[in-house]
Structure formats: C-alpha cells, structure tokens
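A.B. asks:
Number of protein chains: 2
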Amino acid sequence: MARLKGFQELVPVDEALKRFLIEIEFQPKRSTISLEAGLNRVLSEDIVAQLDLPRTDRSAVDGYALKASDTTGASQIKPRILKVVDGESVGKDQAKQIWTGNPLPEGADAVVMLENVKLLRNKVEVWSSATRWENVSKQGEDLRRGSVVVRAGKRLRPQHLGLLAALGMRELRVFEKPKIAVLATGNELAELGTKLQKNQIFDSNRLALMALCVELGAETVNLGIAKDELKQISEKLRIGLEESDAIVTSGGTSVGAPDLVPEAINSLGKPGVIVHGVAMRPGMPTALAIVSGKPILVLPGNPAAAMLGFEVFGRPLVSKLLGLEREESRPVMKARMTKRITVTLGRRNIVRVRVLQQNGEFLAKPVSARGSGLISTMTESNGYVVTPENVEGIEEGEIVLVHLFDRLEVK
Amino acid sequence: MARLKGFQELVPVDEALKRFLIEIEFQPKRSTISLEAGLNRVLSEDIVAQLDLPRTDRSAVDGYALKASDTTGASQIKPRILKVVDGESVGKDQAKQIWTGNPLPEGADAVVMLENVKLLRNKVEVWSSATRWENVSKQGEDLRRGSVVVRAGKRLRPQHLGLLAALGMRELRVFEKPKIAVLATGNELAELGTKLQKNQIFDSNRLALMALCVELGAETVNLGIAKDELKQISEKLRIGLEESDAIVTSGGTSVGAPDLVPEAINSLGKPGVIVHGVAMRPGMPTALAIVSGKPILVLPGNPAAAMLGFEVFGRPLVSKLLGLEREESRPVMKARMTKRITVTLGRRNIVRVRVLQQNGEFLAKPVSARGSGLISTMTESNGYVVTPENVEGIEEGEIVLVHLFDRLEVK
Numbered sequence: 000m001a002r003l004k005g006f007q008e009l010v011p012v013d014e015a016l017k018r019f020l021i022e023i024e025f026q027p028k029r030s031t032i033s034l035e036a037g038l039n040r041v042l043s044e045d046i047v048a049q050l051d052l053p054r055t056d057r058s059a060v061d062g063y064a065l066k067a068s069d070t071t072g073a074s075q076i077k078p079r080i081l082k083v084v085d086g087e088s089v090g091k092d093q094a095k096q097i098w099t100g101n102p103l104p105e106g107a108d109a110v111v112m113l114e115n116v117k118l119l120r121n122k123v124e125v126w127s128s129a130t131r132w133e134n135v136s137k138q139g140e141d142l143r144r145g146s147v148v149v150r151a152g153k154r155l156r157p158q159h160l161g162l163l164a165a166l167g168m169r170e171l172r173v174f175e176k177p178k179i180a181v182l183a184t185g186n187e188l189a190e191l192g193t194k195l196q197k198n199q200i201f202d203s204n205r206l207a208l209m210a211l212c213v214e215l216g217a218e219t220v221n222l223g224i225a226k227d228e229l230k231q232i233s234e235k236l237r238i239g240l241e242e243s244d245a246i247v248t249s250g251g252t253s254v255g256a257p258d259l260v261p262e263a264i265n266s267l268g269k270p271g272v273i274v275h276g277v278a279m280r281p282g283m284p285t286a287l288a289i290v291s292g293k294p295i296l297v298l299p300g301n302p303a304a305a306m307l308g309f310e311v312f313g314r315p316l317v318s319k320l321l322g323l324e325r326e327e328s329r330p331v332m333k334a335r336m337t338k339r340i341t342v343t344l345g346r347r348n349i350v351r352v353r354v355l356q357q358n359g360e361f362l363a364k365p366v367s368a369r370g371s372g373l374i375s376t377m378t379e380s381n382g383y384v385v386t387p388e389n390v391e392g393i394e395e396g397e398i399v400l401v402h403l404f405d406r407l408e409v410k
Numbered sequence: 000m001a002r003l004k005g006f007q008e009l010v011p012v013d014e015a016l017k018r019f020l021i022e023i024e025f026q027p028k029r030s031t032i033s034l035e036a037g038l039n040r041v042l043s044e045d046i047v048a049q050l051d052l053p054r055t056d057r058s059a060v061d062g063y064a065l066k067a068s069d070t071t072g073a074s075q076i077k078p079r080i081l082k083v084v085d086g087e088s089v090g091k092d093q094a095k096q097i098w099t100g101n102p103l104p105e106g107a108d109a110v111v112m113l114e115n116v117k118l119l120r121n122k123v124e125v126w127s128s129a130t131r132w133e134n135v136s137k138q139g140e141d142l143r144r145g146s147v148v149v150r151a152g153k154r155l156r157p158q159h160l161g162l163l164a165a166l167g168m169r170e171l172r173v174f175e176k177p178k179i180a181v182l183a184t185g186n187e188l189a190e191l192g193t194k195l196q197k198n199q200i201f202d203s204n205r206l207a208l209m210a211l212c213v214e215l216g217a218e219t220v221n222l223g224i225a226k227d228e229l230k231q232i233s234e235k236l237r238i239g240l241e242e243s244d245a246i247v248t249s250g251g252t253s254v255g256a257p258d259l260v261p262e263a264i265n266s267l268g269k270p271g272v273i274v275h276g277v278a279m280r281p282g283m284p285t286a287l288a289i290v291s292g293k294p295i296l297v298l299p300g301n302p303a304a305a306m307l308g309f310e311v312f313g314r315p316l317v318s319k320l321l322g323l324e325r326e327e328s329r330p331v332m333k334a335r336m337t338k339r340i341t342v343t344l345g346r347r348n349i350v351r352v353r354v355l356q357q358n359g360e361f362l363a364k365p366v367s368a369r370g371s372g373l374i375s376t377m378t379e380s381n382g383y384v385v386t387p388e389n390v391e392g393i394e395e396g397e398i399v400l401v402h403l404f405d406r407l408e409v410k
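Residue numbers (numbering that gives the first Met the number 0), protein chains in the order written: chain A, 0 to 410; chain B, 0 to 410.
#1: Give a yes or no on whether the minimum CB-CB distance between GLN138 of chain B and chain A is below 8 Å.
#2: Going residue by residue through the segment 21–85 of chain A, where are the continuous beta strand (DSSP E) segments of at least 3 residues, counting only ones entirely within it?
#3: With a threshold of 6 Å on Cβ separation, who are the neighbours of ALA1 of chain A within its own chain once the five nearest residues in sequence on each side are excluded?
#4: Would you verify that the beta carbon of MET279 of chain B is, or is not, closer than 8 Å to some beta carbon of chain A?
#5: Among A:GLU170, A:GLY396, A:VAL331, which residue has its Cα nearest to the Cα of VAL47 of chain A?
#6: Would LYS176 of chain B pass as an interface residue toward chain A - the criterion being a Cβ-Cβ separation below 8 Å?
#7: Going by DSSP, name the residue or residues bridged to GLY382 of chain A.
#8: Whole angstroms is fine: what's the gap from LYS319 of chain A's alpha carbon to GLU326 of chain A's?
#9: Counting only beta-carbon separations shorter than 8 Å, does MET377 of chain A have a partner in chain B?
#10: So, is the C-beta of GLU87 of chain A closer than 8 Å to a C-beta in chain B?
#11: Leaving out five residues on either side along the sequence, give the residues of the same chain with a beta carbon under 8 Å from the beta carbon of SER33 of chain B.
#12: Determine which residues of the segment 331–349 of chain A have a Cβ less than 8 Å from any Cβ of chain B, and write them out in chain order.
#13: Does the beta-carbon of ASN221 of chain B have 16 or more other beta-carbons within 10 angstroms, so that it is buried, or is it exposed?
#14: For chain A, check one thing: does any of its Cβ atoms lie closer than 8 Å to the Cβ of ASN198 of chain B?
#15: Excluding the five sequence neighbours on either side, which residues of its own chain have a C-beta within less than 8 Å of the C-beta of ILE340 of chain A, listed in chain order?
#16: Kindly list the residues whose CB is nearer than 8 Å to the CB of GLN231 of chain A, restricted to its own chain and excluding five residues on each side of it in sequence; keep chain order.
#17: Can you tell me whether ASN121 of chain B is buried or exposed, with buried defined as 16 or more other CB within 10 angstroms of its CB?
#18: Can you tell me whether LYS4 of chain A is buried or exposed, with buried defined as 16 or more other CB within 10 angstroms of its CB?
#19: Please say whether PHE201 of chain B and GLY167 of chain A have beta carbons closer to each other than 8 Å?
#20: For LYS82 of chain A and GLU379 of chain B, what's the separation of their Cα atoms in angstroms?
#21: What whole-angstrom Cβ distance do ALA286 of chain B and PRO270 of chain B have, given they're in contact under 8 Å?
#22: Once DSSP output is grouped into helix, strand and coil, what is the label at ASN389 of chain B?
#23: Distance, Cα to Cα, ILE374 of chain B vs VAL277 of chain B?
#24: Leaving out five residues on either side along the sequence, give the residues of the same chain with a beta carbon under 7 Å from the beta carbon of VAL274 of chain A.
#25: Mapping the DSSP letters down to three states, classify MET168 of chain B as helix, strand or coil.
#26: Spell out the partners DSSP gives GLN96 of chain A in its beta bridges.
#27: Can you find a C-beta in chain A that's less than 8 Å from the C-beta of ILE374 of chain B?
#28: Please list the partners that SER203 of chain B has in chain A, where partner means a Cβ-to-Cβ separation under 9 Å.
#29: Contact criterion: CB-CB distance below 8 Å. Does PRO102 of chain A meet it with respect to chain E?
#30: Have a look at the DSSP bridge pairing and note the partners of LYS364 of chain B.
#31: Closest Cβ-Cβ distance between LEU142 of chain A and chain B: below 8 Å?
#32: For the segment 305–333 of chain B, list every residue whose C-beta sits within 7 Å of some C-beta in chain A, in sequence order.
#33: Is SER249 of chain B near ASN204 of chain B, with beta carbons less than 8 Å apart?
#34: Enumerate in chain order the residues of its own chain whose CB-to-CB distance from MET352 of chain A is below 7 Å, with the five nearest sequence positions on each side excluded.
#35: Distance cutoff 8 Å, beta carbons only. Does LYS120 of chain A sit that close to anything in chain B?
#36: Tell me, to the nearest whole angstrom, how far the beta carbon of SER233 of chain B is from that of ALA263 of chain B; I am working on the premise that it is less than 8 Å.
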C-alpha cells in the first residue's frame, strides 16, 4: 500500500517497546523526603523494620489478662474466680483488666474477653477456659524487626505510609520525579487564548499528554508548539534534551504529511530514530528515538492516537523513569463485549470501550471504531481492549480484558 | 454479648451511611482555575461546546480532495484522470492534494486515499470510485457547538483536559477542594521523631487517613494527637470544626476503652453523634456525628479498622464534599477466591484479599482473617471484598467482586 511505503517495516509493538526501553540509559536520582510527602513516591531502597510490631506482647481484645493455667475447666456453670489486681504484673489466681492494644502485664499469658467474665467487686468470674497466648498479639507478629517490609521500586500508597509511620520512620529515600518535556508540532496548531485563524485548531495533545505524565508521578516541561519547520522543531527538542529526562512529542510523524520530527531528532544525535512505524492501530506512525541515552516518544497528532500511543509506549517509559520495579498497569477488569467489532489483522488494535454495569455483569460497549481523530471517543469511553496481532475481531458476547482510564460509575 | 452492651444497637452500614450523608449541609464553594490546573478537579458547571469540532469539513486521510461525481466508475483498470490544482477550491475534473486534518477545499465533497491514486506530473490517476463525503470528517461530527460535553460533578481526567483544550477553553469553574481535619486520639500514641516510652506506639492512622483524603482530592488539616482527656479532645475538635469542612478521628471509640470522642462531640453541638456502633467488621465501633451541619467520622484506633472504616464511610463522605455527582468507587474486578473463609453473620464484612493473576485468571487470596490490629495485612493485600450481612462466608472457588486499593501487578 502506497501509504505505508514510507515505513520500511511496521514493527510489532512488543519488539518496538523492547528496542526502545533497552536503549534508555537513565538512572533516576535518589533523594530524602519526609514521610508526610511520601504519597505516590517510589522507594529507592528496601525498608527494613527497625522495631518489632507489636513491640511487646499485647492484648488483642478488651478483657482480663491472666494466666491461662488458672482458667482450666472454667465454664459459665463452673466459673473460676480470680482476684482483680492493678499492678504491673499478674500472679497466680489473679487477673488484670486490659484494653485492646495494651501491653500484657508480666506473668500473664492470655486474655479472656469481657463477654466471658463477670466482675464482682474486686474479683472476676471467668466463664471460659483460655489457651496460652489466646487473644494476645505476640511481639513481632505483625512485623518483625530486621525484615524487609516494603521493597525498593514500590510506589507508596496510604497504607504504606501508615505502616512506615508505625515503624517510626520520619524520612524516606525515594527516586526523584523524572522530568518529561512535551512538545506539540504542526502549522495548524494554536495556543489556548489566541484567536483561531482559518485552518487552525487549538492544540489539545500537549495538555492531555502532560496530564498523563503528571498522573503517573512525573514532572513536566512544556515545550510549547513548533511549526512544521526543521529548525524550530530541532531547537525545541534540543531544549527538551537539556532540561528533561525524556521528551514526548505529538504530530508531524505521518509519512504523507511533513515528516520533520524524526528528521530533526536524527540531526541531534545518535542513535536517533530507532523505530518508525508500529504495527498498531491507532498510532501506526508512532516513532521511538534515543538521543544521548534520552528517550523521545514521537506520537501522531490525532488526539486519540496520541493518547493511546502514550498508553502503549508512554506508560512503560515513565514507569521506568520513575524507578518502578514493574510497569504499573491501568486497573483492569473483565467485561462482555456488547457487539462484534472487526479489527485490523496484523496490528495490535487498541479498541476504545465504555464499561457499564448491568444486572451485576460488566459490559464493554465499543465506542466508535471510526477514525482516531475523534477526541470525543476518549471521553465517551472509559477504557480500552487490546487485541493481539493475530485476530480479526472481537465477537459479540466475548469476555475481554479492559484497561480502565476513567472511573467506572458503579450502580 | 457483654461487649456490645455499650452500643444500643448495631446500625446496618447502608442505614448508617444514609443517616450520615443526609445530615450534611455542606455545599462546596466554586472557583475559577486555569485549564492547566484542572487535573482531578471536579467541574461545578456543565461544559457547553462553544465551537464545532471539526470546525469545518476536513480530510480524515492523506489523499486527494475532489468531487465524488468525478470518480464514478473509476477502477485500477479504468482510472479517471483529474487535473491537480493548488488553489482554494476544486472544480470539475480537478483534485487537490490534502493531508489528514486539512480543511476540505471549496467544491470538493470527498477524499481519495493516496494508495488509490497515482500521481503523473500535474495529473492524477484515480483508481477507485468515491462516495460523497467519503474520508471526510464533517463539521461538528466530533462535538457539536452548543452541546454539553462534560457534566458538572465530573472529575477531570487527562482526556477531558484534552477535549476542553480542543474547544479552546482556558478556564474552568470547579468546586473548591474540601478541607478535612484529621485527629488521632489515645494516650498510647507518640509523634514520629519522638522517643517511644514504654507502652507507647507511633501514631500511624493520622498519616494514612490524611493520605486517603489527599488521594481523593481533598486538602487536609493535621489536628495532631489528643490524649484520652475530654478537654483536649474537645478543644482539638473545636479547632477542626472552625478550620475545616469535616473531621475524621481515629481511636477512642470502643465501649470498653475510654470512650471520650463521642462524649466530646456531643458537648460541641447538635445533633452530635447520630450513629455509634455499626454492623460491620472490622470497624464496629465506628461513630458518625454531625455538629453544626459539619460531619465527623469517628473511626476505631486499629489501623486496618480505621482504613477500612474510611473506605466504607470516608469515601462517600469525601465524594460528597468534593461535589462529585456520584461516589467514585475503587477500581473493581471479579476474581476467584482461593480458599473458603468464614465471616460474621449479621455484619457487613470487609475481607482483605490479595489479587494475583495466574494463567490469565484473577485469583483473590484472603489475607489473614485475624484481628484488625495487624497493619501489615493492609500492605499484603491489594484489595477487599465486601460481604453482605446475610452470608456466613465465601466459598473456595467463588467469584467475588474485589475493590482494589493498590495496583495490581500484571504478569
């Protein structure tokens, strides 16, 4: 086909991604931050517990701490009577009131719950027999001193911050946020706030791509809009390489249209463009490049193709730059296709869908298989299905794996 | 049971939540922000498109714009020959080269793709017949001027920012971020960075709860730690009511232990505590209160109970304060339970699970059904299953709906 002539070959997605990631020399820097600033940051070192949790044996319930051997055979009919004490220790035939979380008094080795005792003045009737360490949280049973509790390369969620606080950590070693520069190219593009000339459209990709980077935890550098002129594009890319750890561009990659971004990249350094033309849809004209060890992701100008191309190449790229141990996938779920769709054989197709919940079942409704140019398909859909290269379509009723890029409205 | 005596009744979760949310008088304020600052903010007004997208009919492919009627009967064997022109319009038997996204020249009503033509000097051989408007994106087919494109109450994701940029919007009307004050109570709690006394533990709930609020898009006010003293608790709550739109506390809600938070709340205003004791597990001692129209969520001190109690009551609360049209659920997915577990009949049980992918199937592995005190269960699990009040357990092999609170590591 004439249209594909410009691309020597269409590289399969997995192959393209592998060639791209392997060339990246970037090593994220490390810094120390306070625990309070840790949400969504990525650990650069394993965290080793500096204390046992619990630090001492403690009660897991509200009740009476006592010696288990003093309760042998106790029942509601034949209760054991123990003396209530209030000191630091519990002796034979003694019991001490204790609340959940309190350290076990010396001498005690079990706790009987409140509902299994009856308090009588300074005595307590115990109605049930306790086994040794019953209702006791043993020292170190939650976390043991010296054990690795969170691994390097993990993104910290609220529960991790809670756990690290419980261990008394005030500071963390994390990877610094990578800086991603974003550039839009195209003579037709206008900045927000300007008056549109005939033939112009507002640039929308830059903002969407920057937001995708920020959402992943990166910082962004806004390189603005470059006209379809080699000099202007090269100059902006040069600034991007200086000020950031990676560049994402949109526009100017089609073979038919002015194909200046790859040319500009190749003028800036080696190896330059390593993949141009990927066997995917949308996003076929995507190019992947490396200049001086820094990655450049060259996405098409069509809004849906740019955003979905970012899903395929941008997310693994940013995951790597963040220092994440593994790429973070979007939330995924299985859903049933509501109608048959055809896809392009030999390509990896990214099929936009809207997932709905109906009678407890999740349904995936394809959103316009038409051109990647429709930006509204990205807000009408809340996820996408990835089809492998060897299929021609998805059948009605087929169960598919959906990657969600917007919240599912449940109920 | 003696332990439950202090609670007049255990209120079912749905009932408790309904009573709580209905009493909240808060109306989020509105403000204007730049589109660049819009990620994750919640729209306070419907967005109406101020222009058509595309603004004019434009080409959906790289090719030649022409009159469809000039291509009738064209084929590779019997091509139609058209004159290539370069002006603003296309006349009979003329064609003009056009790139994807370019406005259609006057007079043209179709585009033939590059691969279906052959260029000869200043003529072009057209090998296929085009229908009217073939390969043309019609004006307004993406978004129509005057239509509502994003509704008030929607949280903005990158794709929405892209869409709003395409429409030329520079500013947005959004709801202001609500302020949530977070207080930890308990004599046993120590601040990070202090030296632990015997019987002390580091406060971990405040940081985790603040992070949960921040993650949802709220701002937080740190009220610190209050000892189990009525005066100290009341004073901190009073500050919280002054400086924020809602308060979340942890600790001091058990009937057995010093039960001062509800007492302090009732001293501050009406109606005070409206629910104390919820038919859920963990989180039974949760209390819900309203003072002067402002909500107070009183969570237990056990870390897992506090975080899971926040899931059940805090998320709907914060969703409402954010101005979200609907509560945002966690990402959900179906998974197969790897083993049988029993739960408490008559309660809504929040069962921590770890979801794994195995041979393309998602498995949910229960993480310690034991006490809610183990903070490590919150980082070992990546989600939870909610069981209704009328079940006694989940069978091995049963398909359950998991709410994910950490990323799933796919592959």
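Cβ coordinates follow ideal geometry from the N, Cα and C atoms, glycine included.
Computed from a prediction, not measured in an experiment: that's the story for all the values here.
C.D. replies: In terms of the structure at hand:
#1: In the second sequence, the residue the question calls residue 138 of chain B occupies position 139. No - not a single Cβ of chain A is within 8 Å of the one on GLN138 of chain B.
#2: 29–33, 62–65, 79–83
#3: Counted from its first residue, the first sequence places residue 1 of chain A at position 2. With a pLDDT of 35 at ALA1 of chain A, under the threshold of 50, the modelled position of that residue is not reliable, and the figure given next carries that caveat. Closer than 6 Å at Cβ, skipping near neighbours: no residue.
#4: For the purposes of this step, residue 279 of chain B is taken as the residue at position 280 of the second sequence. By this cut-off, MET279 of chain B is not an interface position.
#5: By one-based count along the first sequence, residue 47 of chain A stands at place 48. When only C-alpha atoms are compared, the closest one is A:GLU170.
#6: Within the second sequence, residue 176 of chain B is the residue found at index 177, counting from 1. For LYS176 of chain B, the answer is no, since every Cβ of chain A falls outside 8 Å of its Cβ.
#7: For this step, residue 382 of chain A is matched to residue 383 along the first sequence. Note: GLY382 of chain A sits in a beta bridge opposite A:VAL352, A:LEU403.
#8: Looking up residue 319 of chain A in the first sequence gives position 320. Looking up residue 326 of chain A in the first sequence gives position 327. Taking the straight line joining both Cα atoms gives about 7 Å.
#9: On the first sequence, position 378 is the one that residue 377 of chain A refers to. Taking Cβ atoms only, chain B reaches closer than 8 Å to MET377 of chain A, which makes this a yes.
#10: The residue you call residue 87 of chain A lines up with position 88 of the first sequence. Cβ-Cβ to chain B under 8 Å: no for GLU87 of chain A.
#11: Residue mapping note: residue 33 of chain B aligns to position 34 of the second sequence, counting from 1. If we look at SER33 of chain B and ignore the five residues flanking it on each side, its Cβ neighbours are ARG169, GLU170, LEU171.
#12: VAL331, MET332, LYS333
#13: Sequence index remark: in the second sequence, residue 221 of chain B carries index 222 (1-based). Looking at its Cβ environment, which holds fewer than 16 other Cβ atoms inside 10 Å, ASN221 of chain B is exposed.
#14: On the second sequence, residue 198 of chain B is found 199 positions in, with the first residue counted as 1. For ASN198 of chain B, the answer is yes, since a Cβ of chain A falls inside 8 Å of its Cβ.
#15: As a first step, residue 340 of chain A is located in the first sequence; it is residue number 341 there, counting from the start. Once the five neighbours on either side are set aside, the close Cβ partners of ILE340 of chain A are VAL350, PRO365, ALA368, GLY392, ILE393.
#16: Here residue 231 of chain A refers to the residue found at position 232 of the first sequence. Hits under 8 Å: ALA225.
#17: Numbered from 1 along the second sequence, position 122 holds the residue referred to as residue 121 of chain B. When all chains shown are included, ASN121 of chain B counts as exposed.
#18: As a first step, residue 4 of chain A must be located in the first sequence, where it is residue number 5. Caution applies to LYS4 of chain A, whose pLDDT of 46 falls short of 50 and renders its modelled position unreliable; the value that the coordinates give is listed next. The residue in question, LYS4 of chain A, is exposed, as its Cβ has fewer than 16 Cβ neighbours within 10 Å.
#19: Mapped onto the first sequence, residue 167 of chain A falls at position 168. Mapped onto the second sequence, residue 201 of chain B falls at position 202. Their beta carbons are under 8 Å apart, which means GLY167 of chain A touches PHE201 of chain B by this criterion.
#20: As a position in the first sequence, residue 82 of chain A is number 83, starting the count at 1. As a position in the second sequence, residue 379 of chain B is number 380, starting the count at 1. When rounded, the distance between both Cα atoms is 41 Å.
#21: The residue given as residue 286 of chain B occupies position 287 in the second sequence. The residue given as residue 270 of chain B occupies position 271 in the second sequence. Between PRO270 of chain B and ALA286 of chain B the Cβ distance is about 12 Å, and since that is not below 8 Å, they are no contact.
#22: As a first step, residue 389 of chain B must be located in the second sequence, where it is residue number 390. Three-state DSSP puts ASN389 of chain B in coil, outside helix and strand.
#23: On the second sequence, position 375 is the one that residue 374 of chain B refers to. On the second sequence, position 278 is the one that residue 277 of chain B refers to. One C-alpha to the other measures close to 21 Å.
#24: One-based indexing of the first sequence puts residue 274 of chain A at position 275. Hits under 7 Å: VAL10, ALA15, ARG18, PHE19, ALA286, LEU287.
#25: On the second sequence, residue 168 of chain B is found 169 positions in, with the first residue counted as 1. Coil.
#26: As a working note, residue 96 of chain A is residue 97 in the first sequence. Answer by DSSP bridge pairing, in chain order: A:TYR63.
#27: One-based indexing of the second sequence puts residue 374 of chain B at position 375. Interface residue, yes.
#28: Here residue 203 of chain B refers to the residue found at position 204 of the second sequence. Residues of chain A passing the Cβ test: LEU160, GLY161, LEU162, LEU163, ALA164, ALA165, LEU166.
#29: Structure shown: chain E not included; protein chains present are A and B.
#30: For the purposes of this step, residue 364 of chain B is taken as the residue at position 365 of the second sequence. In DSSP, LYS364 of chain B forms a bridge with B:ARG353.
#31: Looking up residue 142 of chain A in the first sequence gives position 143. Yes, LEU142 of chain A counts as interfacial toward chain B.
#32: MET306, ARG325, GLU327, SER328, PRO330, VAL331, MET332, LYS333
#33: Locating residue 249 of chain B in the second sequence gives position 250, counting from the first residue. Locating residue 204 of chain B in the second sequence gives position 205, counting from the first residue. Their beta carbons are under 8 Å apart, which means SER249 of chain B touches ASN204 of chain B by this criterion.
#34: Within the first sequence, residue 352 of chain A is the residue found at index 353, counting from 1. According to the sequence as given, residue 352 of chain A is Val; it is not Met. Excluding positions up to five away in sequence, the list reads ALA363, LYS364, PRO365, VAL366, SER380, GLY382, TYR383, VAL384, VAL401.
#35: One-based indexing of the first sequence puts residue 120 of chain A at position 121. According to the sequence as given, residue 120 of chain A is Arg; it is not Lys. So no, ARG120 of chain A is outside the interface.
#36: For the purposes of this step, residue 233 of chain B is identified with residue 234 of the second sequence, where counting begins at 1. For the purposes of this step, residue 263 of chain B is identified with residue 264 of the second sequence, where counting begins at 1. Rounded, the Cβ-Cβ distance is 4 Å, consistent with contact.
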